[in-house]
Amino acid sequence: MNAVEHDSRHAEQQLIVDRYRPLEELGEGAFGSVVSAWDTRMQRRVAIKRIPFPLDSHGAPSVPPGLAEARTAAMLNNPAIVTVFDFETDSDEAFLVMEYVEGASLAELLAETGEPLNLDEAAAVVDAIADALCFAHENGVLHLDIKPENVLVGLDGRVKVADFGIAELSSLAGHGAAFGGTLGYMSLEQLRGEEVSEASDEWALAAVAFEVITGDNPFADSTIEGAIRRITITGAPSVRTYDTRLPAALDDVLFAGLGVEPAERYPGVAEFADALLPHLGDARAGRASLAELVADITGDEPDAEDDLVYLGLWDRLQGSGGRVLVQLVAGAEGGWLAWAGLSAVQLPTIALWAAIALVAGGAFLAPALGLVLGLLCAVAGAIAHGAWALAAALLLIGGSWWWLFGRQSTGAAVLPLSAPVLAAARIGFLQPLIAGFTLPPLGAAIAAALGGALTMLASAASSLGAPYIAVAPSTALRIWTLGSAAERVVALASSPAAWIALLGWPVAAAVMSWLSSRATRVWAAVGALAGAGVLGGAYLLADVVARTLSQQAGYESVLTAASLAGSLILMWLACWAGAPLRPEEEDPLSVAARRREDH
Numbered sequence: 034m035n036a037v038e039h040d041s042r043h044a045e046q047q048l049i050v051d052r053y054r055p056l057e058e059l060g061e062g063a064f065g066s067v068v069s070a071w072d073t074r075m076q077r078r079v080a081i082k083r084i085p086f087p088l089d090s091h092g093a094p095s096v097p098p099g100l101a102e103a104r105t106a107a108m109l110n111n112p113a114i115v116t117v118f119d120f121e122t123d124s125d126e127a128f129l130v131m132e133y134v135e136g137a138s139l140a141e142l143l144a145e146t147g148e149p150l151n152l153d154e155a156a157a158v159v160d161a162i163a164d165a166l167c168f169a170h171e172n173g174v175l176h177l178d179i180k181p182e183n184v185l186v187g188l189d190g191r192v193k194v195a196d197f198g199i200a201e202l203s204s205l206a207g208h209g210a211a212f213g214g215t216l217g218y219m220s221l222e223q224l225r226g227e228e229v230s231e232a233s234d235e236w237a238l239a240a241v242a243f244e245v246i247t248g249d250n251p252f253a254d255s256t257i258e259g260a261i262r263r264i265t266i267t268g269a270p271s272v273r274t275y276d277t278r279l280p281a282a283l284d285d286v287l288f289a290g291l292g293v294e295p296a297e298r299y300p301g302v303a304e305f306a307d308a309l310l311p312h313l314g315d316a317r318a319g320r321a322s323l324a325e326l327v328a329d330i331t332g333d334e335p336d337a338e339d340d341l342v343y344l345g346l347w348d349r350l351q352g353s354g355g356r357v358l359v360q361l362v363a364g365a366e367g368g369w370l371a372w373a374g375l376s377a378v379q380l381p382t383i384a385l386w387a388a389i390a391l392v393a394g395g396a397f398l399a400p401a402l403g404l405v406l407g408l409l410c411a412v413a414g415a416i417a418h419g420a421w422a423l424a425a426a427l428l429l430i431g432g433s434w435w436w437l438f439g440r441q442s443t444g445a446a447v448l449p450l451s452a453p454v455l456a457a458a459r460i461g462f463l464q465p466l467i468a469g470f471t472l473p474p475l476g477a478a479i480a481a482a483l484g485g486a487l488t489m490l491a492s493a494a495s496s497l498g499a500p501y502i503a504v505a506p507s508t509a510l511r512i513w514t515l516g517s518a519a520e521r522v523v524a525l526a527s528s529p530a531a532w533i534a535l536l537g538w539p540v541a542a543a544v545m546s547w548l549s550s551r552a553t554r555v556w557a558a559v560g561a562l563a564g565a566g567v568l569g570g571a572y573l574l575a576d577v578v579a580r581t582l583s584q585q586a587g588y589e590s591v592l593t594a595a596s597l598a599g600s601l602i603l604m605w606l607a608c609w610a611g612a613p614l615r616p617e618e619e620d621p622l623s624v625a626a627r628r629r630e631d632h
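Quick note, our numbering runs 33 ahead of the 1-based positions in the sequence shown.
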């Protein structure tokens, strides 16, 4: 398939729940299918389990009860558990959106090698599964389908357990036996449809442990009756019948974990693991060895990292820690907008601060909503002061920005208002570079134009003259007492030199965005240099125009150069952390390949 055909087919793919772009089928099971997809909002690769709903008597899909419980069971957060990002449903199926683990399943490792794991590797597997199960059990969640297919090994050798909550969800959707499970890894109580407990997961872990140590599962059968007979009559043989070099002490531990009745097993998974692991090897060495096995199977280097590692700084800020940081910025901006607007309205002090707290809190929890509320407060303040033109401009420009970009992305929402803040730190030129670093060219240009206008207006209102890139922090606290600044603001707006300087902001952002679209460090750094060059050229031209027209000193070149240098250095540091990946511009998989080369 040539590139044109690929792009054409790629464009025709329909997004899953209006967000996830399918990339490839990963597998088909009794419960449904698994696909690899690209999250167009968070800019990362994910795996999605699609589970169809059961059909009613008329042949139409019916939403089963208990989906909320299944969702809760699935969304556990532990390093040994595959992270579930989202749980969505539509009219006929449920979607479980999970992290994409680059590597292989334990079942694939065992099948490809055709032999059991060594004791170090077995220790790494058992340790991780036990950790995952203990965490789940502490949170009241049973897995009920522990098997090699649900144990994933990443390229770095780390082991993660997948499909928590799937047994419950698939049962609700009418797939498989009650309580889920897979023959060969189901305890006797599961096979009989009796009450299950943490001991059921312990039995499954013991069965998997037996298999990775010996390469065999003595309980596998094609029927439930056969599986019951294997557990109750045949039982598990000694591990030494497979390899006489294995420690004899393993038998006692495994036989206890595989007890026919729950009461015959260890009190919990932790106790079983504590008894078994001393007879296995070194889990850390096992992870390194597993990484080599995965590399042999997948063809990737053992130390290769998955595509998420190649996400840039902005993409990493979409994670939990970075998202909180951006939310804090949004909360501060929303609170300031509310204060700037409502302080002009004669409100009781308690009501004023309550409203400010409400808007700030809303902007933190839901940045898009909170910031538009803050914008409306600022418009109300302008109207209260009779500044109808300013109110109209705020409503038109700010509202347009919010509608086109701000409501789609927290980062985009906070960008324009961040410009005066950066200018107060004498690095205002960083804003157009960040805009180009994170947004497509049109959005970057608009964000930079808004930021530049706000910066220059705030600079003039601060009693600071050309080049209008410095802002006095006190300006933010006396926004409605700047009557004397009106003349300077009018002079700024009527200056051709100022408009030339301002034009440099959107052009620089667009250039930065275009060059950063290849999503590599090198091109992002080149984009930053080119963007800084555009800004420098615009301000140099503005200086020439100012001197020519006014026959007096023009723009202060030292301040401009210092701000440009500081902004460029900081931008280069961000580029070094990795360029952002913008899925609307390129196929993320080809970008990931370039990033590996970039490293």
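Glycine is no exception: its CB is placed at the ideal position from the N, C-alpha and C atoms.
| Asked | Found |
| --- | --- |
| Determine whether the beta carbon atoms of Leu-535 and Gly-485 lie at a separation below 9 Å. | yes |
| What whole-angstrom Cβ distance do Glu-231 and Leu-175 have, given they're in contact under 8 Å? | 7 Å |
| In or out: Trp-609 buried (at least 16 other Cβ within 10 Å) or exposed? | exposed |
| State the DSSP-derived secondary structure class of Phe-197, mapped to helix, strand or coil. | coil |
| Where does Gln-47 land, buried or exposed, given buried means 16+ other C-beta within 10 angstroms? | exposed |
| Am I right that Leu-238 and Ile-114 are in contact with their C-beta atoms under 8 Å? What's the rounded C-beta distance? | Not really, about 14 Å apart at Cβ, beyond 8 Å. |
| Per DSSP, Asp-72 is paired with what? | Tyr-53 and Arg-77 |
| Taking the alpha carbon of Ala-365 as the reference point, which residue from Gly-407, Arg-298 and Ala-328 has its own alpha carbon closest? | Gly-407 |
| Can you tell me which of the three DSSP states Phe-288 falls into? | helix |
| Can the beta-carbon of Ala-594 be found less than 9 Å from the beta-carbon of Gly-566? | no |
| Would you mind giving the Cβ-Cβ distance between Gly-560 and Ser-549, rounded to the nearest angstrom? I have them listed as a contact below 8 Å. | 4 Å |
| Would you be able to state if there are at least three C-beta pairs under 8 Å between the segment 126-146 and the segment 185-199? | yes |
| By Cβ distance below 6 Å, which residues in the same chain neighbour Asp-164 in space, the five residues on each side in sequence not counted? | Ala-113 |
| Alpha helix (DSSP H) containing Ala-543: first to last residue? | 529-549 |
| Could you tell me how far apart the beta carbons of Ala-542 and Ala-477 are, in whole angstroms, since I believe they sit closer than 8 Å? | 4 Å |
| Taking 8 Å as the cut-off, does the segment 314-324 touch the segment 145-155 (at least 3 CB pairs, one atom from each stretch)? | yes |
| Compare the C-alpha of Gly-414 against each of Ser-66, Val-392, Phe-397 and Ala-373 and name the closest. | Ala-373 |
| I need the boundaries of the alpha helix (DSSP H) containing Thr-146, first residue and last residue. | 139-146 |
| Per DSSP, what kind of secondary structure is Met-636 in: helix, strand or coil? | This structure leaves residue 636 out entirely; the chain is present only between 34 and 632. |
| In the DSSP assignment, the alpha helix (DSSP H) including Ala-505 goes from what residue to what residue? | Premise fails: Ala-505 is in no alpha helix (DSSP H) and is neither H nor E. |
| Leaving aside the five residues before and after Leu-59 along the sequence, list all residues of the same chain whose C-beta is less than 7 Å from its C-beta, in chain order. | Val-67, Val-68, Ser-69 and Ala-80 |
| Would you call the CB atoms of Asp-234 and Val-192 closer than 9 Å? | no |
| Around the C-beta of Ser-203, are 16 or more other C-beta atoms found within 10 angstroms, so that it is buried, or is it exposed? | Only weak support is given to the placement of Ser-203: the predicted model assigns it a pLDDT of 49, under 50, and the value that follows is read from those uncertain coordinates. When all chains shown are included, Ser-203 counts as buried. |
| What's the gap between the Cα of Leu-487 and the Cα of Asn-110? | 42 Å |
| Helix, strand or coil: how does DSSP classify Val-3 here? | This structure cannot settle anything about residue 3, because the visible part of the chain is limited to 34 through 632. |
| Helix or strand or just coil, what does DSSP make of Pro-85? | strand |
| In angstroms, rounded to a whole number, what distance separates the CA positions of Arg-262 and Thr-277? | 27 Å |
| Would you mind sorting Leu-597 into buried or exposed? The rule is 16 or more other CB atoms within 10 Å of its CB. | buried |
| So Ala-393 and Gly-368 are supposed to be a Cβ contact under 8 Å. How far apart are they, rounded? | 3 Å |
| Helix, strand or coil for Leu-279? Go by DSSP, reduced to three states. | coil |
| Using a Cβ-Cβ cut-off of 6 Å (strictly less than) and excluding sequence neighbours within five positions of Ala-308, which residues of its own chain qualify? | Val-286 |
| From the DSSP output, which residues share a beta bridge with Leu-574? | The partner list for Leu-574 (beta bridge, DSSP) is empty, contrary to what the question assumes. |
| Let me confirm a value: Val-362 is counted as buried when at least 16 other C-beta atoms fall within 10 Å, else exposed. Which label applies? | buried |
| If you check the beta carbons only, do Pro-474 and Trp-386 fall under 9 Å apart? | no |
| Can you tell me which of Trp-236, Gly-147, Ala-530 and His-170 puts its alpha carbon nearest to the alpha carbon of Ile-179? | Trp-236 |
| Can you look up Ile-389 in the DSSP assignment and give me helix, strand or coil? | helix |
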